[in-house]
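Let me begin by presenting the structure, written as structure tokens, before commenting on it.
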Amino acid sequence: MSAAFIVDAVRTPRARKKGRFAKIHPVDLFTYPLNEIVRRHNVDPSWVEDVLVGCVTQVGEQGWCVGRAAVLAAGWPFTVPATTINRLCGSGQQAVNFAAASIQAGQYNLVVAGGLEHMTRVPMFSDAGGEESLMLKHYHPDLVQQGLAAEILAQEFTVTREEADNFGYLSQVHAKRAHLEGRFKKSIVPIPYKDDSGNDHVLWHDDNPRHDASFETLQSLKPVFKEDGVITAGNASAIVDGAATVLLASEKALSEHNLKPRARIVSQAVVGSPPRIMLTGPIEASKQALSKANLLPHQIDVWEVNEAFAPVPLVAARALRIDQMKMNINGGGISLGHPLGATGAMLIGMAIDELERSQKRYALVTMCIGLGMGIATVLERV
Ligand SMILES: CC(C)(COP(=O)(O)OP(=O)(O)OC[C@H]1O[C@@H](n2cnc3c(N)ncnc32)[C@H](O)[C@@H]1OP(=O)(O)O)[C@@H](O)C(=O)NCCC(=O)NCCS
Numbered sequence: 148m149s150a151a152f153i154v155d156a157v158r159t160p161r162a163r164k165k166g167r168f169a170k171i172h173p174v175d176l177f178t179y180p181l182n183e184i185v186r187r188h189n190v191d192p193s194w195v196e197d198v199l200v201g202c203v204t205q206v207g208e209q210g211w212c213v214g215r216a217a218v219l220a221a222g223w224p225f226t227v228p229a230t231t232i233n234r235l236c237g238s239g240q241q242a243v244n245f246a247a248a249s250i251q252a253g254q255y256n257l258v259v260a261g262g263l264e265h266m267t268r269v270p271m272f273s274d275a276g277g278e279e280s281l282m283l284k285h286y287h288p289d290l291v292q293q294g295l296a297a298e299i300l301a302q303e304f305t306v307t308r309e310e311a312d313n314f315g316y317l318s319q320v321h322a323k324r325a326h327l328e329g330r331f332k333k334s335i336v337p338i339p340y341k342d343d344s345g346n347d348h349v350l351w352h353d354d355n356p357r358h359d360a361s362f363e364t365l366q367s368l369k370p371v372f373k374e375d376g377v378i379t380a381g382n383a384s385a386i387v388d389g390a391a392t393v394l395l396a397s398e399k400a401l402s403e404h405n406l407k408p409r410a411r412i413v414s415q416a417v418v419g420s421p422p423r424i425m426l427t428g429p430i431e432a433s434k435q436a437l438s439k440a441n442l443l444p445h446q447i448d449v450w451e452v453n454e455a456f457a458p459v460p461l462v463a464a465r466a467l468r469i470d471q472m473k474m475n476i477n478g479g480g481i482s483l484g485h486p487l488g489a490t491g492a493m494l495i496g497m498a499i500d501e502l503e504r505s506q507k508r509y510a511l512v513t514m515c516i517g518l519g520m521g522i523a524t525v526l527e528r529v
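Here it is in structure tokens:
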């Protein structure tokens with residue numbers, strides 16, 4: 148098996164919904180990280196054998212194979228193909244994993260993977276309809292949407308409102324520290340945008356975090372999915388717009404194009420989990436990825452467990468005995484936001500940045516996925 152290396156990972160800032168990216172077409176948004184990842188490494192786009200783009204809501208402006216549209220919109224040669232992948236919230240991570248597997252199988256040498264989700268212009272659930280299937284209802288009559296599944300998870304695994312709010316608060320604290328210390332600077336591509344009066348600006352940092360958040364204000368927010376529930380706007384992932392790319396290469400491509408790798412993909416796993424609770428997939432996916440990597444949880448230095456809702460990383464951390472000082476230490480979906488199809492590619496970049504900052508070796512990125520799935524990737528800094 149050939150090794151799959153990550154040369155670099157870049158991303159747009161995550162912009163709060165209906166905010167700074169509202170006037171930017173999703174395809175145009177994706178062209179920024181697409182062009183930046185090749186520019187930084189003097190890669191001629193014609194060398195790229197495929198572009199794999201994760202995107203969940205593939206309708207309207209994100210329909211029509213948004214990956215291929217973005218390659219053409221970026222001014223790349225028409226000879227570069229692209230595809231768009233939907234593994235719901237795991238889409239961006241799946242794009243990276245598929246790219247890595249293709250390199251490991253010897254089919255590709257140089258690939259761009261990534262993800263895109265413009266949740267303002269193409270709102271979550273605007274592709275709804277599948278849930279009306281009578282057969283689906285027959286086999287899974289208790290299937291609910293993810294917010295209610297988070298309530299079921301909290302109830303069945305005994306996550307209290309206080310624990311969830313405390314996690315939400317820590318997410319804000321971690322994101323604030325990361326921002327103030329410039330920990331995201333390396334990966335972020337600044338995005339030009341126009342305000343309502345047509346004036347030009349540039350967004351160079353994530354604008355969703357609430358730096359003034361306090362535990363007390365979080366405790367005062369009303370549950371959103373269930374009257375006496377646990378999940379509020381302060382401990383659920385925020386709705387934002389964003390895009391990310393990851394450049395992957397085989398050993399052959401590294402030497403042919405004089406590229407320096409930042410990380411190696413060690414292992415990956417994707418699993419199905421009980422659809423009713425929907426959000427426990429990271430546990431089994433992480434176990435399988437760890438087992439393939441021949442590693443134990445304590446050997447992982449940096450954990451990125453997507454903060455879809457606070458109970459998800461809390462329950463995964465308990466089950467996998469994750470040291471919470473190693474988990475999501477630069478914030479996550481609650482504070483930074485969770486641009487569905489883009490998040491996985493962003494988390495992979497964040498994990499590599501953190502491995503380099505802390506001079507550590509292994510990272511594990513994992514996400515829960517709608518309809519009951521989980522995905523995980525183990526990375527090693529090189
Ligand atoms: C939870 C959810 C419904 C909340 O939506 P919303 O009500 O539109 O959320 P907002 O971010 O606008 O927050 C509402 C209010 O809560 C308060 N609030 C939110 N986060 C806060 C925080 N950290 N501190 C203090 N107040 C906060 C604010 O008053 C805010 O109003 P403001 O923007 O005027 O300040 C939405 O974020 C959601 O659906 N998240 C999950 C997305 C999802 O399912 N993703 C897939 C995962 S599997």
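When you number the sequence shown by this note's numbering, it's gap-free, plus one each residue, and the end is 529.
C-beta: ideal position from N, C-alpha, C; glycine also.
CB contact flag (residue i, residue j, <8 Å)
{"i": "I153", "j": "I447", "result": "no"}
{"i": "G210", "j": "G239", "result": "no"}
{"i": "F314", "j": "A457", "result": "yes"}
{"i": "V157", "j": "V258", "result": "no"}
{"i": "P486", "j": "G389", "result": "yes"}
{"i": "V243", "j": "A492", "result": "yes"}
{"i": "S414", "j": "V529", "result": "no"}
{"i": "A149", "j": "G253", "result": "It should be pointed out that residue 149 corresponds to Ser in this sequence rather than to Ala. The answer is yes: Cβ separation under 8 Å."}
{"i": "A151", "j": "L395", "result": "yes"}
{"i": "E264", "j": "V203", "result": "yes"}
{"i": "A432", "j": "A523", "result": "yes"}
{"i": "G294", "j": "G428", "result": "no"}
{"i": "E503", "j": "I476", "result": "no"}
{"i": "I378", "j": "E298", "result": "yes"}
{"i": "G484", "j": "V349", "result": "no"}
{"i": "F168", "j": "T267", "result": "yes"}
{"i": "A410", "j": "I499", "result": "yes"}
{"i": "H358", "j": "K323", "result": "yes"}
{"i": "V462", "j": "F304", "result": "yes"}
Through-space distance from residue j to residue i, alpha-carbon basis
{"i": "K399", "j": "N256", "result": "7 Å"}
{"i": "G207", "j": "C236", "result": "19 Å"}
{"i": "G222", "j": "T307", "result": "50 Å"}
{"i": "G201", "j": "D353", "result": "20 Å"}
{"i": "A296", "j": "P337", "result": "35 Å"}
{"i": "V174", "j": "S334", "result": "20 Å"}
{"i": "F331", "j": "V512", "result": "17 Å"}
{"i": "C212", "j": "Q205", "result": "8 Å"}
{"i": "Q319", "j": "G479", "result": "8 Å"}
{"i": "L290", "j": "K439", "result": "31 Å"}
{"i": "K473", "j": "W450", "result": "6 Å"}
{"i": "K277", "j": "I232", "result": "Per the sequence shown, residue 277 should be read as Gly rather than Lys. Looking at the two C-alpha atoms, the distance is approximately 17 Å."}
{"i": "R465", "j": "N405", "result": "43 Å"}
{"i": "D312", "j": "A436", "result": "30 Å"}
{"i": "M282", "j": "P444", "result": "39 Å"}
{"i": "Y340", "j": "H172", "result": "11 Å"}
{"i": "V371", "j": "S402", "result": "52 Å"}
{"i": "I361", "j": "G329", "result": "Going by the sequence as given, residue 361 is Ser instead of Ile. Roughly 22 Å separates the two Cα atoms."}
{"i": "R234", "j": "Q506", "result": "32 Å"}
{"i": "V452", "j": "H326", "result": "19 Å"}
{"i": "S193", "j": "V269", "result": "30 Å"}
Three-state secondary structure assigned by DSSP to residue i
{"i": "D500", "result": "helix"}
{"i": "G491", "result": "helix"}
{"i": "A220", "result": "helix"}
{"i": "I250", "result": "helix"}
{"i": "T364", "result": "helix"}
{"i": "Y509", "result": "strand"}
{"i": "T301", "result": "The residue asked about is misnamed: residue 301 is Ala in this sequence, not Thr. If DSSP states are grouped into helix, strand and coil, A301 belongs with the helices."}
{"i": "G214", "result": "helix"}
{"i": "A260", "result": "strand"}
{"i": "R357", "result": "coil"}
{"i": "G239", "result": "helix"}
{"i": "A322", "result": "helix"}
{"i": "I430", "result": "helix"}
Residue i - partner residues in DSSP beta bridges
{"i": "G339", "result": "The sequence given here has Pro at residue 339, not Gly. Paired residues: V349."}
{"i": "A385", "result": "A385 is not bridged to any residue."}
{"i": "R158", "result": "I335 and A391"}
{"i": "R167", "result": "Paired residue(s): none; R167 is not in a bridge."}
{"i": "V525", "result": "S414 and L511"}
Exercise. In chain order, which alpha helix (DSSP H) runs of at least 4 residues are fully inside the region 386–415?
Worked result: 398–404
For this session: Jot down the residue ranges of each uninterrupted beta strand (DSSP E) in the region 169–209, minimum 3 residues, whole runs only, in chain order.
Result: 197–201
Exercise. Unbroken beta strand (DSSP E) runs of length 3 or more, entirely within the region 433–477: which are they?
Worked result: 449–452
For this session: Would you mind listing the alpha helix (DSSP H) stretches within the region 264–311 that are 4+ residues and don't spill past its ends, in chain order?
Result: 281–286 and 293–303
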